[in-house]
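First residue of the sequence shown? That's 19 in the numbering used here, and the numbers climb one at a time after it.
Idealized CB from N, CA, C, for every residue including glycine.
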Amino acid sequence: MITLSKDMETGVKKIDEQHMELVDRINAVTSMGLKSISKEETQKTIDLLGDYIVKHFRDEEELQKQCNYPQFQTHQNLHKQYIAEFQKLKTEFAANGPSPKFTLTLSNSIVGWIVKHIKSADSQFGKYYKEHK
Ligand SMILES: [Fe+2]
19 MITLSKDMET
29 GVKKIDEQHM
39 ELVDRINAVT
49 SMGLKSISKE
59 ETQKTIDLLG
69 DYIVKHFRDE
79 EELQKQCNYP
89 QFQTHQNLHK
99 QYIAEFQKLK
109 TEFAANGPSP
119 KFTLTLSNSI
129 VGWIVKHIKS
139 ADSQFGKYYK
149 EHK
């Protein structure tokens, strides 16, 4: 389970609200390891998160373009890399189905990346946005 700590707030209302939704969907994925659920349900939970990651990245990039964020390209590349990583895990799931090991790998990947990304890249953008919006 992850929660949004104070140092994960970017100060940009739209982004912080979406991060809350993102965290909810991440927690739905990480808690899958505790229950035995069907492949369909697991798939649905992963897709709900995957779709939201794509939407959130798109909205964040839109805001960055609007205020001519100088780090836009770098930030967008980070998003692209993570989407590719997530896609790789989805392919693995499609091939092997649910397992506690898979849930753990997926959870570690998401939690590790998202927390770090929010604390570094997103907070950096938050600071810029407040000064340039
Ligand atoms: Fe981001």
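Distance cutoff 8 Å, beta carbons only. Does residue i sit that close to anything in chain D?
i   : result
T28 : Absent from the structure is chain D; it holds one protein chain and no more.
Tell me where the alpha helix (DSSP H) around residue i begins and ends.
i    : result
P118 : 118-135
T21  : Segment: none, T21 is in no alpha helix (DSSP H) and carries neither H nor E.
D65  : 57-84
Q105 : 90-114
T48  : 31-48
Y146 : 141-150
Let me check you understand the geometry: is the CB of residue i closer than 7 Å to at least one non-hydrogen atom of ligand 1?
i    : result
D69  : no
D140 : yes
H97  : yes
H152 : Outside the shown range of the chain, which is 19 to 151, sits residue 152, and nothing can be said about it.
H37  : no
E59  : no
E80  : no
Please determine, among the options, the residue with the shortest C-alpha to C-alpha distance to residue i.
i    : options               : result
Y87  : K31, D140, E27        : D140
G163 : K57, A113, P118, E149 : Any answer about residue 163 is impossible in this case: the structure gives the chain only from 19 up to 151.
Q94  : E110, D34, H74        : H74
K134 : M26, V72, Q82         : M26
K108 : Q91, Y146, V47, Q142  : V47
M38  : S127, C85, I20        : I20
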